[in-house]
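Numbering (the numbering used here), first residue to last: 950 to 1278.
All C-beta atoms in this analysis are idealised placements derived from N, C-alpha and C, irrespective of residue type, glycine included.
Predicted model only: the values in this text are computed from it and were never measured.
Comments concern the structure below.
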Ligand SMILES: Cc1cc2nc3c(=O)[nH]c(=O)nc-3n(C[C@H](O)[C@H](O)[C@H](O)COP(=O)(O)OP(=O)(O)OC[C@H]3O[C@@H](n4cnc5c(N)ncnc54)[C@H](O)[C@@H]3O)c2cc1C
C-alpha cells in the first residue's frame, strides 16, 4: 500500500451531504479527504454543459425549513450564489402550488453552492470506489482504477443502496437491525432530458411547471433562472417514477422521443440540442429515522445523505453536518 494514501478521515461523496460534512470537519481543524467518482463536485446537484449554457439536470431548486440550513442559505444569498426563484410553481391546470417558503436556485448552476463548500478541501475526483473493507483496524477503500486508500474514520454519503453495496463487497459486518433498516431504503428513479430550443418556451413566467407525474413530472427553464433576455430555452424535463421505472432499460432514442412527445406543448421552435440522463436515485421513498448512522465505533464508520431523516437537498446538508458533528464528538 502507498502510505501517501492514508488519511485520518475520508468522506466518500462530493454531493451536498459529503461536502457539508467535509467543510465542517475542515473548519474544526481536521483535514478530511473527499473522494468522488464523478469529474467534479455536485452529485445530484450537477449541471450539464451545453453550447448555450448549463442546465441543472438534477435538483432544480431547494428549500430551507431548518434554521441551520437557513443560516447557510442566508450566507449564500449574501454572496450572491443563490437567489429566491419563486414561492411555488403552477401545474398544468394553472393552479399554483404554493410552497410556503422560498424555492432557492443558483443562476449559474446548482453546483455553485457545492463549489463554495468545497473551497480549500482536498478532493480526489474520478475515484470510483468499488469495495470498502476492514483491514488491521482501518477501513480500506479500493477504487476501479487500482488506487487504495486507508483511513481510521470513514463517512459514506452515496445513496444508501450504493453505500450498502460497497460494504457488502468488502464483507463488512453490520448490526442486523441497521442492515435491514438500510436495505429497506429504496429510491425513486428519474429519466431526464436536457433540451435546448430556439424559442422561448410557453411555460409560466417563472419558468417552472409541475405536471401530473406520468409521463412527465416537472419542466424547468434554466434561462429564466439567469434572467436571460435570450429567446433560447434551456429546459430540463423530468419523467415521473412509473414512466422512469417502466422505460429504464429501453433504447434511449425511443424513450427520448416519448418524453419529447409528452413535452411538445412546452417546446417552441427548433430543437438545438437534446441530452438524456438516467438518475437511478432521485429521492428516497423512505428515510432512516436518524440524521446519520454510526455503523462502527472503531474504526469509525458513518453513513449519511438524503436517505437519513429528511430527503432533498436540505436533508442531505443536515445529515452531512450531523455526521461531521458525531465524528468530532
Ligand atoms: C432529477 C432530480 C431532481 C431533484 N429535485 C430536487 C428538488 O427539486 N429539491 C430538492 O431538495 N432535492 C431534489 N433532488 C434530490 C437532491 O438532489 C438530493 O437529495 C441531494 O442532492 C442528495 O445529496 P447527497 O450528498 O445526499 O447525495 P449525492 O448528491 O448523490 O452525492 C453522493 C456522491 O457520491 C458519489 N459516489 C457514489 N458512489 C460512489 C462510489 N462508488 N465511488 C465514489 N463516489 C461515489 C456520487 O458521484 C455523488 O457525487 C433531486 C434529485 C434528482 C436526481
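Does the region 960-976 come within contact of the region 1251-1267, defined as at least 3 CB pairs closer than 8 Å? In short, these stretches touch, since the Cβ pair count reaches three.
Keeping to the same chain, check which residues put their C-beta closer than 6 Å to that of residue 999; ignore five residues upstream and five downstream. Answer for residue 999: 1145, 1222, listed in chain order.
Kindly confirm or deny that the region 1185-1200 and the region 1134-1142 touch, where touching means at least three C-beta pairs closer than 8 Å. Contact holds: three or more Cβ-Cβ distances are below 8 Å.
What are the start and end residues of the beta strand (DSSP E) that includes residue 1045? Its beta strand (DSSP E) spans residues 1045-1054.
Please go through the same chain and pick out, in chain order, the residues whose beta-carbon is closer than 7 Å to the beta-carbon of residue 1130, but skip the five residues on each side of it. Excluding sequence neighbours, residue 1130 sits near 1237.
Quick one: complete alpha helix (DSSP H) runs, 4+ long, within the region 1197-1243? You should have 1201-1212.
Using only the alpha-carbon positions, how far apart do residue 1233 and residue 1189 sit? The alpha-carbon separation between residue 1233 and residue 1189 amounts to approximately 14 Å.
Using beta-carbon positions only, say whether residue 1160 and residue 1166 come within less than 7 Å of one another. Annotated as proximal: residue 1160 and residue 1166, with beta-carbon spacing under 7 Å.
Given 8 Å as the limit, is there contact between the region 1209-1222 and the region 1242-1251, that is, 3 or more CB pairs closer than that? Three or more Cβ pairs closer than 8 Å define a contact, and the region 1209-1222 falls short of that threshold against the region 1242-1251.
Pop quiz: residue 1052 and residue 1034 are said to be a contact at Cβ under 8 Å. What is the actual Cβ separation, rounded to whole angstroms? Yes, residue 1052 and residue 1034 are in contact; Cβ-Cβ is about 5 Å, under 8 Å.
Let me know the secondary structure DSSP gives residue 1192 once reduced to three states. Here residue 1192 sits in helix by DSSP.
Considering only the alpha carbon of each residue, which of 1104, 1102, 1179, 1108 lies closest to residue 1229? Looking at the Cα atoms, 1108 is the closest of the given residues.
At least 3 beta-carbon pairs within less than 8 Å: the region 1011-1031 vs the region 976-983: These segments do not touch.
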